[in-house]
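Enquirer: Once you've had a glance at the structure underneath, I'll fire off some questions.
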């Protein structure tokens, strides 16, 4: 009932007169679904694009509920960006309620996605790290599925956490360049140049991760995290991730799952666990304590930190996560 009342009220707000000052005609207003994507859009857009994120820093996209202000921002946007693959199950209804004229840009289009059954929360080592192609394209899936109140989340199907491999973010960049160039043809050359420069930075991040992780024996490349968000990272750099939850933080772990993870951690001598900046750490702490694992620190998975934090940009986030994981894996027996 609470959600239905909000959407009804939001629809009224969407039809109300504009109260904000009108931006200069040369500016492009872009709205991104979450902070990681907003940062990449900003890198491509440069000074020509004003970018805002619907979900704030340290926010969980699986638990997001739009606000009336979000409706206004979407209504007033020139371009709306989303990752897709079921991450933003609330987007269709937000677009409809806002009255936004157009379709959101799905930046994960053309990424070769990995499939994940919610009943399995472990990524095995030894996958091909170059293209991790499981035979599914991002645009082959319905990206806007809804449930009650617009908060449906996939429990199997494509893994939406594509950005945890910089190679996938390069695909994001190409799609962002195309969308901004369509919205602002006069800036197309600048967007292409910005995109090319940023892709070079992404390639450097990829090489940094590969170099750091290859120095660690594969037997030590095992980590416990809060939920199943590092599949693409694990495939590309041959790291095994265990987690009590599936691909969404609103899933639940059974007592059998928890007991199995504890047994597996003890048997495989997994000594480190990480919590995530946007999720409740209590379950992973409970499992780690029972298995005798030590805290490895915090990882930034689905949201950037505030400006004064260690992960205020995508590049900073990725490098910080690599450094945290490498340090913990080096300390394991």
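Residue numbers (full-length UniProt numbering): 1 to 333.
Every residue, glycine too, gets a C-beta built ideally from N, C-alpha and C.
(1) I'd like the list of long-range same chain contacts for residue 165, defined as Cβ closer than 7 Å, with 5 residues on each side in sequence excluded.
(2) Are three or more beta carbon pairs between the region 201-209 and the region 55-69 nearer than 8 Å?
(3) Quick check on residue 254: buried or exposed, where buried means 16 or more other Cβ atoms within 10 Å of its Cβ?
(4) Could you check the C-alpha separation between residue 43 and residue 314 for me, to the nearest Å?
(5) Just checking, does the region 193-200 make contact with the region 210-229 on the three C-beta pairs under 8 Å criterion?
(6) How big is the Cα-Cα spacing for residue 309 and residue 264?
(7) Quick one: using the 10 Å Cβ neighbour count with 16 as the cut-off for buried, is residue 330 buried or exposed?
(8) Do residue 271 and residue 294 have their C-beta atoms closer together than 8 Å?
(9) For residue 106, which residues does DSSP report across the bridge?
(10) Taking just the CA atoms, how far does residue 183 sit from residue 94?
(11) Could you have a look at residue 158 and say whether DSSP puts it in helix, strand or coil?
(12) Buried or exposed, going by whether 16 or more other CB atoms sit within 10 Å of the CB of residue 302?
(13) Where do the N-terminal and C-terminal ends of the beta strand (DSSP E) with residue 240 fall, by residue?
(14) Under the assumption that residue 41 contacts residue 30 (Cβ atoms under 8 Å), give the Cβ distance between them as a whole number of angstroms.
(15) Using DSSP bridges, identify the partner residues of residue 215.
(16) How about residue 254: is its Cβ closer than 7 Å to a heavy atom in the ligand NAD?
(17) Does DSSP classify residue 31 as helix, strand or coil?
(18) Compare the Cα-Cα distances from residue 79 to each of 325, 228, 162, 33 and report the closest residue.
(19) Spatial neighbours of residue 321 within its chain, please: C-beta separation below 7 Å, excluding the five flanking residues on both sides.
(20) With C-beta atoms as the reference, is residue 173 less than 8 Å away from residue 195?
(21) Check the DSSP bridge columns for residue 88 and list the partner residues they point to.
(22) Would residue 108 and residue 84 qualify as a contact pair, given that the criterion is a beta-carbon distance under 8 Å?
(23) Can you tell me which of 49, 228, 221, 163 puts its alpha carbon nearest to the alpha carbon of residue 327?
(24) Can you tell which of 87, 81, 157 has the C-alpha that lies nearest to the C-alpha of residue 114?
(25) Sort 87, 92, 289, 181 by Cα distance to residue 259 and report the nearest one.
(26) Going by DSSP in three states, residue 50 sits in which element: helix, strand or coil?
(27) Could you tell me the distance, in whole angstroms, from the CA atom of residue 106 to the CA atom of residue 171?
(28) For residue 175, which residues in the same chain have their Cβ closer than 7 Å to its Cβ, ignoring the five residues on either side in sequence?
(29) By how many angstroms is the C-alpha of residue 111 removed from the C-alpha of residue 169?
(30) Give me the Cα-Cα distance between residue 99 and residue 223, rounded to the nearest whole angstrom.
(31) Look up residue 36 in the DSSP assignment and say whether it is helix, strand or coil.
(32) In or out: residue 96 buried (at least 16 other Cβ within 10 Å) or exposed?
(33) Helix, strand or coil for residue 208 per DSSP?
(34) Note the first and the last residue of the continuous alpha helix (DSSP H) segment covering residue 181.
Expert: In short:
(1) Correct list, in chain order: 232, 233, 236.
(2) Cβ pair count under 8 Å is below three, so no.
(3) Counting of Cβ neighbours within 10 angstroms places residue 254 among the exposed residues, the total staying below 16.
(4) Cα to Cα, the separation comes out at about 10 Å.
(5) Taking 8 Å as the limit for Cβ pairs, the verdict is that the region 210-229 does not touch the region 193-200.
(6) Looking at the two C-alpha atoms, the distance is approximately 34 Å.
(7) The residue is exposed, with fewer than 16 neighbouring Cβ atoms inside 10 Å.
(8) The answer is yes: Cβ separation under 8 Å.
(9) In the DSSP output, where bridge partners are listed per residue, residue 106 has 82.
(10) If I take the Cα positions, the gap works out to 21 Å.
(11) In the three-state reduction of the DSSP assignment, residue 158 falls in the strand class, which pools E and B.
(12) Buried is the call here.
(13) DSSP places residue 240 inside the beta strand (DSSP E), whose first and last residues are 240-242.
(14) Approximately 6 Å separates the beta-carbon atoms of residue 41 and residue 30; this is inside 8 Å, confirming the contact.
(15) Beta-bridge pairing by DSSP links residue 215 to no other residue.
(16) Within the structure as shown, the ligand NAD is missing, as the structure has no ligands at all.
(17) Looking at residue 31 - three-state DSSP - the assignment turns out to be strand.
(18) Closest by alpha carbon: 33.
(19) Apart from the 5 residues on each side of it in sequence, residue 321 sits with its Cβ closer than 7 Å to the Cβ of 299, 300 in its chain, given in chain order.
(20) Closer than 8 Å, so yes.
(21) The partner list for residue 88 (beta bridge, DSSP) is empty, contrary to what the question assumes.
(22) Going by beta carbons, residue 108 and residue 84 fall inside the 8 Å limit.
(23) Nearest of 49, 228, 221, 163 to residue 327, Cα basis: 221.
(24) Considering only alpha carbons, the answer is 157.
(25) That would be 289, whose Cα lies nearest to the Cα of residue 259.
(26) DSSP places residue 50 in strand when its eight states are reduced to three.
(27) Their backbone Cα atoms lie some 11 Å apart in a straight line.
(28) Taken in chain order, the residues that qualify are 105, 107, 109.
(29) If I take the Cα positions, the gap works out to 9 Å.
(30) When rounded, the distance between both Cα atoms is 44 Å.
(31) Looking at residue 36 - three-state DSSP - the assignment turns out to be helix.
(32) Looking at its Cβ environment, which holds fewer than 16 other Cβ atoms inside 10 Å, residue 96 is exposed.
(33) Helix.
(34) Segment 166-183, the alpha helix (DSSP H) holding residue 181.
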